[in-house]
Amino acid sequence: DTGVSQDPRHKITKRGQNVTFRCDPISEHNRLYWYRQTLGQGPEFLTYFQNEAQLEKSRLLSDRFSAERPKGSFSTLEIQRTEQGDSAMYLCASSLALAAQETQYFGPGTRLLVL
Amino acid sequence: AQTVTQSQPEMSVQEAETVTLSCTYDTSESDYYLFWYKQPPSRQMILVIRQEAYKQQNATENRFSVNFQKAAKSFSLKISDSQLGDAAMYFCAYTLIIQGAQKLVFGQGTRLTINP
Chain A
1014 DTGVSQDPRH KITKRGQNVT FRCDPISEHN RLYWYRQTLG QGPEFLTYFQ NEAQLEKSRL
1074 LSDRFSAERP KGSFSTLEIQ RTEQGDSAMY LCASSLALAA QETQYFGPGT RLLVL
Chain B
8 AQTVTQSQPE MSVQEAETVT LSCTYDTSES DYYLFWYKQP PSRQMILVIR QEAYKQQNAT
68 ENRFSVNFQK AAKSFSLKIS DSQLGDAAMY FCAYTLIIQG AQKLVFGQGT RLTINP
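Which chain is which? The protein sequence lines are A and B, in order. Under the working numbering, the residues of the first sequence are numbered 1014 to 1128, in order. Under the working numbering, the residues of the second sequence are numbered 8 to 123, in order.
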């Protein structure tokens, strides 16, 4: 078990381009979360999957954002027509749903810079 | 809206001393969880300690302990015998339970510096 991994670790793009990030959760974790963290702030919830089903989306997730988790394994987060305000660290976390002791394990994040 | 407030943007402590990080939260729920997460520079966030709101006993994990005051909606973290490796951003977080999942709401963080 190597923990939650994210790829790429860094991404620089020009405004208007599309970008896609990947998250590989800890194997057998059935829940996967995406958060966004801007400089000097705590992470903010974006969306959540239970297996392959996307069950909750934040209002922060505009129509330009889409997330998938095919087959309930890895997940992708795509941002279309990027804007400078999208610059942030995008964090993925996974967990195993248990009765009381669910713990979210975070990946190292993908740092996005939109020029 | 549920919010988490960390009023100390930065804290520093001498190595081997004790430091307390403050956190307050606002919620109308009666059952929830509280967490402290640690984010070292350029490294991933890791869980330090958790507290279930229905438990009166304060959680402890080795050198880390909390002071949970439910009526005051306060959840402070005490780090005893501070070590250089404790230097990090510390985030207090509260969970909203949505469709069974834990949607974490984070504070703005406290940057902890350990002075050798």
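Using N, Cα and C, we set each Cβ at its ideal position, and we do this for glycine too.
Query raised in the report: Leaving out the 5 sequence neighbours to the left and right, which residues in its chain are closer than 7 Å to residue 88(B) when beta-carbon positions are compared?
Result: 23, 70
Report task. Kindly indicate which residue of 1094(A), 1035(A), 1017(A) has the alpha-carbon position closest to the one of residue 1023(A). Result -> 1035(A)
Query raised in the report: Is it true that the CB of residue 45(B) sits closer than 7 Å to the CB of residue 97(B)?
Result: yes
Query - Counterpart residues of residue 1087(A) in DSSP-defined beta bridges - result: DSSP output for residue 1087(A) lists no bridge partner at all.
Report task. Could you name each continuous beta strand (DSSP E) segment of 3 residues or more that falls completely within the segment 1051-1082 of chain A, going from the start of the chain to the end? Result -> 1057-1063, 1066-1070, 1078-1081
Report task. Return the first residue and the last residue of the beta strand (DSSP E) that residue 109(B) is part of. Result -> 108-113
Query raised in the report: Is the segment 1025-1041 of chain A close to the segment 1074-1088 of chain A, with three or more CB pairs under 8 Å?
Result: yes
Query - Expected contact under 8 Å - CB spacing of residue 29(B) and residue 51(B) to nearest Å - result: With 8 Å as the limit, residue 29(B) and residue 51(B) do not qualify as a contact, their Cβ atoms being about 24 Å apart.
Query raised in the report: Mind checking if residue 1097(A) is an interface residue toward chain B, Cβ cutoff 7 Å exclusive?
Result: no
Query raised in the report: Taking Cβ positions only, does residue 1085(A) come closer than 7 Å to chain C?
Result: This model lacks chain C altogether; the protein chains it does include are A and B.
**Report entry** For residue 93(B), the three-state DSSP class (helix, strand or coil)
**Finding:** helix
Query raised in the report: Cβ of residue 1121(A) less than 7 Å from any chain B Cβ?
Result: yes
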